[in-house]
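Working notes, structure below.
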Amino acid sequence: MQIHKLEKIWLAIGITMLFVFLGVLGVSAFAMGVKPPSEHHHRIDPSKVQETAPFNNPGLRPIGNLEYEAVMTAFTFGYAPDKMEIPVGSTVHFTVTSQDVVHGFAIPGTNVNMMIVPGEISHVSHTFTKPGEYLILCNEYCGGAHEFMKTTIIVK
Amino acid sequence: MTTKQNITLIQRFDSKDGKLVVAHILVAFIALLIGGIAGLLQTMVKSGTIKLPYSIGYYELLTAHGVLMAIVFTTYFIIGFLYSGVSYTLGGKLLPVVHRMGWTGFGLMTAGTVLGVAMVLTGKASVLYTFYAPLKASPYFYIGLALLVVGSWISGWGLFYQYKYWKKTNPGKLSPLFAYMAVVTFLMWQIATIGVAAEVLIQLIPWSFGWVETINVMLSRTLFWYFGHPLVYFWLMPAYICWYVIIPKIIGGKIYSDALARLSFILLLLFSIPVGFHHQLMEPGISSFWKYVQVVLTFMVVIPSLMTAFSLFATFEINGRAKGAKGLFGWVKVLPWKDVRFFAPFMGMLIFIPAGAGGLINASNQMNAVVHNTLWVTGHFHLTVATSVALTFFGITYWLLPVVTGRILTLRMNKWGIIQTIVWCVGMFFMSGAMHLVGLFGAPRRTAFTTYENQADAANWMPYYVFMAIGGMVLFIGVLMMVVNVVAMLRAPKGVEAYPLGEAMESAEATPVYLDRWRIWIALSVLLILFAYTIPLIDMISSSVPGSKGFITW
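Chains as they are written, first to last, in full-length UniProt numbering: chain A, 1 to 156; chain B, 1 to 554.
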């Protein structure tokens with residue numbers, strides 16, 4: 001099939017840009033570790049979340065200097081724990097699962113944004129460099145009072 | 001718009017087939033009207049302007065709006081439109097058996113729609129149009145969905161049958177471009193809907209009846225998105241048919257290249273299905289390698305999109321220069337701006353440029369974290385499907401209804417249509433613009449009015465919600481104008497309008513035969529799907545992930 005010369009030029013430029021772009025995405029994901037969150041395969045029985053460690057005791061735990069693990073459960077229509085407080089500059093590793101339906105987990109103003117699927121455990125880490133009150137909200141419809149589902153992190 | 005001498009040359013549209021087309025188009029616009037009312041109320045609730053009476057909930061409206069607009073309006077319109085073109089180009093009328101299949105499909109789809117929407121409106125299926133498990137709707141909601149899909153399959157098989165019969169009775173001839181594209185569109189649809197059919201029939205229906213206790217949630221989500229992304233190409237491809245085949249005729253020009261148009265449709269077939277993971281980038285249970293593979297396949301769609309953009313603007317420019325336009329952009333002036341059949345789809349094309357750019361951001365592996373499940377996404381598909389596709393469908397309606405009913409498009413309706421298009425664009429500018437911006441600040445989609453207990457970030461989103469409501473009201477006026485126009489067209493003066501079918505340029509290259517080798521393309525498509533899905537699916541099924549019980553949380 002003959003393709004018009006101008007069409008060839010147009011496609012060549014477009015396809016080159018496409019591969020450069022995909023290269024950037026690939027290198028940052030696999031060489032620099034900037035992958036989408038929640039890739040891990042950790043399974044949990046969704047009906048036994050409250051009896052399964054560490055989710056039987058959700059909360060914020062220091063694991064180093066300015067480093068915390070936040071073990072959290074999502075349920076209709078809230079998160080446990082209800083409130084967390086950390087000093088400025090802390091890195092928090094969130095470990096979250098759902099007790100019932102699919103939920104969202106997003107902190108506006110940051111790139112923390114992931115799905116919480118029953119039977120799976122989601123992970124994301126974030127360093128809070130500015131003080132303030134951060135909202136954690138559910139951004140996946142989970143039922144009639146979905147709009148009330150939230151918790152907060154206070155960074156001091 | 002047709003002179004008397006030409007009437008004898010025009011192939012009249014078969015009146016029996018015309019009824020089938022009109023039936024589909026009418027259901028589409030009834031869905032648009034009801035869905036539009038739900039949409040208007042949503043924007044008002046979300047901005048805190050009104051409170052709904054106790055018995056109506058925000059999420060029931062949201063489910064109805066999504067199902068009616070995204071599934072019912074589009075699917076009915078597409079089947080009506082494609083059947084019209086197939087009837088016209090493949091023999092001038094549908095074969096009796098195809099005609100029956102068309103009506104059977106219509107009947108099943110309508111039964112499914114009525115059942116599904118009844119479940120939504122009675123509060124038994126407030127699961128939104130993605131119906132994510134383990135939210136458990138009434139089994140009759142899922143049965144309604146299954147009927148809708150099976151109905152569309154039968155209509156698709158009818159279309160294939162007509163095409164096959166034509167090929168057999170016209171050996172060695174190149175099939176008409178419209179029919180070729182219609183076949184590709186429905187091939188893609190048949191392959192893609194296997195995913196949602198499997199989810200509904202094997203997982204959701206037995207589970208919602210209580211025959212099995214638990215459901216594999218990750219598997220259900222993956223099956224859904226295997227279908228859920230191709231769905232957007234199912235909306236887009238008929239719009240492309242209009243842009244490639246119909247618009248050149250309307251502007252008085254020729255199709256730039258028949259072969260290029262066919263090749264771009266084949267590429268769409270190949271790259272529209274193995275890409276569903278880009279909707280699941282933020283989920284657990286899928287490794288980042290397979291996510292990245294599907295991101296790469298997603299981006300391949302850039303190639304047919306660029307080909308389409310080139311062809312369309314080449315057609316415009318060559319046509320303009322033939323009419324004596326000078327300078328780099330002189331051809332813009334000679335386009336028929338006052339003809340709604342051109343103006344509405346053209347605005348759709350224009351808006352598709354920012355809409356497509358937004359789509360690239362959504363699918364970009366890491367950048368998705370910024371916008372996932374925010375109002376940005378809602379803004380995005382209100383530009384793509386609700387503007388590019390919807391305006392093109394409106395533009396089609398202005399000639400299709402007169403053609404199939406043996407009436408004419410009056411000057412008054414044409415003018416009303418131009419105003420309607422402008423109203424639509426203005427409404428969408430406010431609504432979608434506000435959605436895109438506030439989404440970047442993290443405002444969630446699919447959420448009723450809330451200030452999150454006066455949280456500072458959430459309070460800053462409120463002005464944008466007000467802009468969304470203003471846009472929603474303007475858009476609702478647009479819906480009403482369109483519905484009025486559809487009714488007016490059905491009562492227009494009798495006459496004969498030509499089916500505006502473009503022809504390829506004389507200088508265009510001959511179409512290679514291999515583009516018509518369906519076995520090759522279907523096999524390649526299946527191979528790509530197997531490559532993109534087999535290992536992740538085995539992983540989801542074989543690992544002993546405990547299933548979920550159902551929940552009714554509304």
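Cβ atoms here follow ideal geometry from the backbone N, Cα and C, with glycine treated the same way.
- Within 7 Å of the CB of Gln2(A), the CB atoms of chain B belong to Glu509, in sequence order along the chain.
- Interface criterion not met: the Cβ of Phe94(A) is under 8 Å from no Cβ in chain B.
- Three or more beta-carbon pairs separated by less than 8 Å are not found between the region 77-94 of chain A and the region 333-344 of chain B, which leaves the two stretches without contact.
- Secondary structure of Ile522(B) (DSSP, three-state): helix.
- Residues of the region 280-296 of chain B whose Cβ lies closer than 9 Å to any Cβ of chain A, in chain order: Gln280, Leu281, Met282, Glu283, Pro284, Gly285, Ile286, Ser287, Ser288, Phe289, Lys291, Tyr292, Val295, Val296.
- For Arg412(B), the enclosing alpha helix (DSSP H) starts and ends at 411-440.
- About 6 Å separates the beta carbons of Trp243(B) and Leu312(B), which is inside the 8 Å limit, making them a contact pair.
- Leaving aside the five residues that flank Ala133(B) on each side, the residues in its chain whose CB is nearer than 8 Å to its CB run, in chain order, Gln203, Leu204, Trp207, Ile215, Val217, Ser220, Arg221, Ser548, Gly550.
- The beta carbon of Gly123(B) is closer than 8 Å to those of Gly57, Glu60, Trp554 in its chain, skipping five residues each way along the sequence.
- Following the DSSP letters along the chain, one finds His380(B) inside the alpha helix (DSSP H) bounded by residues 375-383.
- Non-local beta-carbon contacts of Gly80(B) in its own chain, meaning distances under 6 Å to residues more than five positions away in sequence, involve Val21, His24, Ile25 in chain order.
- The closest CA to that of Leu236(B), considering only Pro402(B), Val184(B), Gly107(B), is found on Val184(B).
- Leaving aside the five residues that flank Ser28(A) on each side, the residues in its chain whose CB is nearer than 8 Å to its CB run, in chain order, Val34.
- Taking the Cα positions, Ser388(B) is about 9 Å away from Phe381(B).
- In the pairwise beta carbon analysis, the region 449-461 of chain B is classified as not touching the region 32-40 of chain B: fewer than three pairs are separated by under 8 Å.
- Under the three-state reduction of DSSP output, Ala390(B) falls in the helix class.
- Per DSSP, Glu7(A) is one residue of the alpha helix (DSSP H) stretching across 5-26.
- At a cut-off of 8 Å between C-beta atoms, Met115(A) counts as an interface residue with respect to chain B.
- Gly472(B) sits close to Met431(B), with the two beta carbons spaced by under 8 Å.
- One finds Leu25 in chain A with Cβ atoms closer than 7 Å to the Cβ of Ser364(B), taken in chain order.
- Contacts between Pro81(A) and chain B, judged by CB atoms closer than 9 Å, are missing: the closest CB pair is about 17 Å apart.
- Using a Cβ distance threshold of 8 Å, Leu360(B) and Pro304(B) do not count as a contacting pair.
- Contact check between the region 495-511 of chain B and the region 440-451 of chain B: fewer than three CB pairs, one atom from each, fall below 8 Å, which does not count as touching.
- Separation of Met69(B) and Ile9(A) (C-alpha to C-alpha, rounded to the nearest whole angstrom) is 39 Å.
- Taking Glu120(A) as reference, the option from His103(A), Ile136(A), Gly132(A), Val112(A) with the minimal CA-CA separation is His103(A).
- For Phe131(B), the CB contacts under 7 Å within the same chain, skipping 5 residues up- and downstream, are Ala137 in chain order.
- Within the region 106-181 of chain B, the complete alpha helix (DSSP H) segments at least 4 residues long are 139-169, listed from N- to C-terminus.
- A straight-line Cα-Cα distance of about 32 Å links Val196(B) and Val438(B).
- Look at Pro444(B) here: in three-state DSSP terms it is strand.
- Neighbourhood of Met218(B) in chain A, by CB distance below 9 Å: Val117, Gly119, Glu120, in chain order.
- In chain order, Asn139 make up the part of chain A whose C-beta sits under 8 Å from the C-beta of Arg445(B).
- When 7 Å is used as the limit between beta carbons, Ile15(A) is near these residues of chain B: Ile303, in chain order.
- Around Ser87(B), the same chain offers Asp14, Asp17, Lys93, Leu94 as residues with beta carbons nearer than 7 Å, after the five sequence neighbours per side are excluded.
- In summary, Glu453(B) is exposed, with fewer than 16 beta-carbon neighbours lying within 10 Å of its beta-carbon over all protein chains present.
- Per DSSP, Tyr499(B) lies in no beta strand (DSSP E) and is assigned neither H nor E.
- Pairing His278(B) with Val295(B) gives a Cβ-Cβ distance under 8 Å.
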